[in-house]
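Please read the structure below before turning to the comments.
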Amino acid sequence: MSDSAADLSLTEVLPLLEQRKLSARELVEDCLRRIDLAEAAIRAFVTRTPGLALAAAQRADEARAKGEPCGPLAGVPVAVKDLFLTKGVLTTAGSQVLATYVPAEDAAVWERLAAAGAGLLGKTTTHEFAYGTASAPTANPWDVRRTPGGSSGGSAAALAARMAPIATGTDTGGSLRIPAAACGVSTLRSAHGRISRYGVIPLSPSFDVAGPMARRMLDISILMRVLAGRDPRDQATRDEPCPSYPLEPPRDLAGVRIGLPIDMSWKHVDERIAVVCREALGLLVARGAQLVEIDTPPNAKVVLEKSTGVFDTINETEAHQIHDPLVPHSHLYTPQVRERVRKGEQISKQRYDEALRLRQLWTQDWRSILTTHRLDAIAHPTIDAAPPLIDPAGPPKGPRIRLSVPWSIADFPALSVPAGFDERGLPVGLSLAGLPEREAELLGLAILIDEELQLWRHGPPV
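Residues in the sequence shown are numbered consecutively from 1, following UniProt numbering.
Here it is in structure tokens:
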């Protein structure tokens, strides 16, 4: 066992807790010690709740000592993005607009985690209303001069710095995947409607997805088994059986085909990042998978040229609709977010409807590509360059969304798994995307890569 329980993955922690070789209190206390050591440099939390985490740990330890049944996450501390409502705990969405907001109810995601026995360790930083990819003022644990990505950057940084074993985040155009790649952790943006968004402060309902983050991809599977499911309070949730998320890697990949969209997602990528991702894909090839370079079809090319325009049009229109009631408090917004929200007011219904049409076309074309080429997944780097340096004098700047936003538009599940490190020692993330009905298989491919590389064992300098 590691010297500190805080270094262990969820997959490692759970049997130790169940067998009482590790107490939940020891786990929480190790995480709190890690927070005390690193938080001044990383600034991952906006609110800390050690008492709540310790109380959940005590309940779990007492239940196990008595031989009473426990939830699957009993006593495990969780870092929750400050976009999820938490009853009785400050929830600011990173904005002065909600600086004193204490909800009277919990978000569905936190409800499910708490019902499984998890304890709230604290609320993690996010770009204001999740509108960005920088998550200021948080620093990247691998290089504190750099951003952790965003907008779930606080959760990703807390995981990388071993402050928590699991965390929650949200993804509109890449806000789970980008920080996961930048900080060397794992995540899945599941298909829209797989996880309830009830109680998540929205940005763009057409794109918003809530999801899990962890250091190990197997942990993501465990968390999906807890989080996925129908919720009548979120009408977008799917009224269908949840996928059987895998708890081990697939043994044989004979016949598995992985598409590489060269023009769309491999060109104009930092060379070292591309090399690291290719090497990680080689692990799938070694098990029998085939890599297939694919062209972007004519229709998709038309949409691709406008992809961020399609995304921005829908996103800004819906963000304006959500934030319009807060106009009396507009002076409390940061200038960057205030300007982006106001842009949505200028978008005509005709332009919005055209963006929706192009989105539908994009989804149809990519479904056709995967079907025609018999592809099990699409693979490419999660981000195209190292996360930017933090500029204290300028507005927050994060990684670009150009590689992540296509799958938000298509509403395909997409994940990021650690693939290695660049020449500066910074993490590199590999993205896999696929059809919604193949979400579990997609996760299985990532688990295979993750279990072979075992990068979750490597912690940052902090």
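Even for Gly, the Cβ is constructed at its ideal location relative to N, Cα and C.
Proximal residues to residue i (C-beta, below 7 Å), its chain only, five neighbours per side dropped
i: GLY459; result: ASP7 and ARG162
i: HIS192; result: VAL209, ALA236 and ASP411
i: ARG351; result: THR313
Rounded distance between the beta-carbons of residue j and residue i, thought under 8 Å
i: ALA60; j: ALA5; result: Rounded, the Cβ-Cβ distance is 14 Å, inconsistent with contact.
i: PRO249; j: GLU451; result: 5 Å
i: PRO77; j: LEU27; result: 7 Å
i: VAL80; j: THR168; result: 5 Å
i: ILE294; j: LEU247; result: So it is not a contact: roughly 31 Å between Cβ atoms.
i: THR47; j: LEU85; result: THR47 to LEU85, Cβ: 13 Å. No contact.
i: LYS87; j: GLU62; result: So it is not a contact: roughly 23 Å between Cβ atoms.
Where residue i falls, given that 16 or more other Cβ within 10 Å makes a residue buried
i: ILE222; result: buried
i: SER404; result: buried
i: PRO148; result: buried
i: VAL97; result: buried
i: ALA286; result: exposed
i: LEU113; result: buried
i: LYS123; result: buried
i: LEU218; result: buried
i: THR100; result: exposed
i: THR371; result: exposed
i: ILE262; result: exposed
i: ASP391; result: exposed
i: GLU437; result: exposed
i: HIS380; result: buried
i: LEU389; result: exposed
i: ALA393; result: exposed
i: HIS373; result: exposed
i: GLU423; result: exposed
i: ARG146; result: buried
i: GLU316; result: buried
i: GLU111; result: buried
i: HIS323; result: buried
Residue interval of the alpha helix (DSSP H) (run including residue i)
i: ILE369; result: 349 to 372
i: LYS343; result: 335 to 343
i: SER221; result: 217 to 227
i: LEU37; result: 24 to 42
i: ILE401; result: That residue, ILE401, is in no alpha helix (DSSP H); it is neither H nor E in DSSP.
i: ARG272; result: 271 to 286
i: THR11; result: 10 to 18
Distance cut-off 7 Å: residue i Cβ against heavy atoms of the ligand ADP
i: ARG272; result: With respect to small molecules bound, the structure shown includes none, and the ligand ADP cannot be examined in it.
Alpha-carbon spacing of residue i relative to residue j, whole angstroms
i: SER95; j: ARG272; result: 36 Å
i: residue 485; j: PRO50; result: There is no way to answer for residue 485, as the model of the chain reaches only from 1 to 462.
i: MET213; j: GLY184; result: 11 Å
i: PRO461; j: LEU415; result: 25 Å
i: GLU39; j: PRO141; result: 10 Å
i: GLU318; j: VAL327; result: 15 Å
i: LEU284; j: LEU253; result: 7 Å
i: residue 471; j: VAL341; result: This structure cannot speak to residue 471, because the chain is shown only from 1 to 462.
i: VAL417; j: VAL102; result: 34 Å
i: ILE383; j: SER431; result: 9 Å
i: GLY288; j: GLY255; result: 7 Å
i: ILE258; j: ARG189; result: 19 Å
i: ASP3; j: LYS66; result: 27 Å
i: PRO387; j: LEU426; result: 9 Å
i: MET1; j: ASP376; result: Interpretation of MET1 is limited by its pLDDT of 42, a score under 50 that renders its predicted location unreliable; no figure is taken from the coordinates.
i: HIS264; j: GLY282; result: The question names His, yet the displayed sequence has Met at residue 264. So the alpha carbons of these two residues sit roughly 21 Å apart.
i: ALA116; j: ARG43; result: 28 Å
i: GLN346; j: GLY173; result: 21 Å
i: LEU32; j: LEU120; result: 12 Å
i: LYS21; j: SER186; result: 26 Å
i: ARG233; j: THR126; result: 24 Å
i: PRO165; j: ALA419; result: 19 Å
i: GLN321; j: ALA41; result: 37 Å
i: PRO241; j: ARG400; result: 35 Å
i: THR92; j: ASP82; result: 6 Å
i: TRP362; j: LEU37; result: 47 Å
Close-in-space but distant-in-sequence residues of the same chain around residue i (CB under 6 Å, 5 per side omitted)
i: ALA210; result: VAL109, THR170, ILE195, ARG197 and VAL200
i: TRP407; result: ALA414 and ALA433
i: TRP456; result: SER9, ARG215 and ARG216
i: GLU128; result: GLY94, SER95, THR334 and VAL337
i: LEU176; result: SER152, GLY169, THR187, ARG189 and GLY211
i: PHE207; result: THR172 and SER408
i: ALA300; result: ASP365
Terminal residues of the beta strand (DSSP E) in which residue i lies
i: GLY169; result: 166 to 171
i: ILE294; result: 290 to 294
i: THR47; result: 45 to 48
i: ALA414; result: 414 to 421
i: ARG99; result: Strictly speaking, residue 99 in this sequence is Ala, with Arg absent from that position. Segment: none, ALA99 is in no beta strand (DSSP E) and carries neither H nor E.
i: residue 492; result: Because the chain is modelled from 1 through 462, residue 492 falls outside the range shown and cannot be assessed.
Other residues of its chain near residue i: CB distance less than 8 Å, five sequence neighbours each side excluded
i: SER368; result: PRO297
i: VAL292; result: ARG257, ILE258, GLY259, LEU260, HIS373 and LEU375
i: ILE266; result: Strictly speaking, residue 266 in this sequence is Trp, with Ile absent from that position. Cβ neighbours of TRP266 beyond the five flanking positions: LEU260, ALA274, HIS380 and PRO381.
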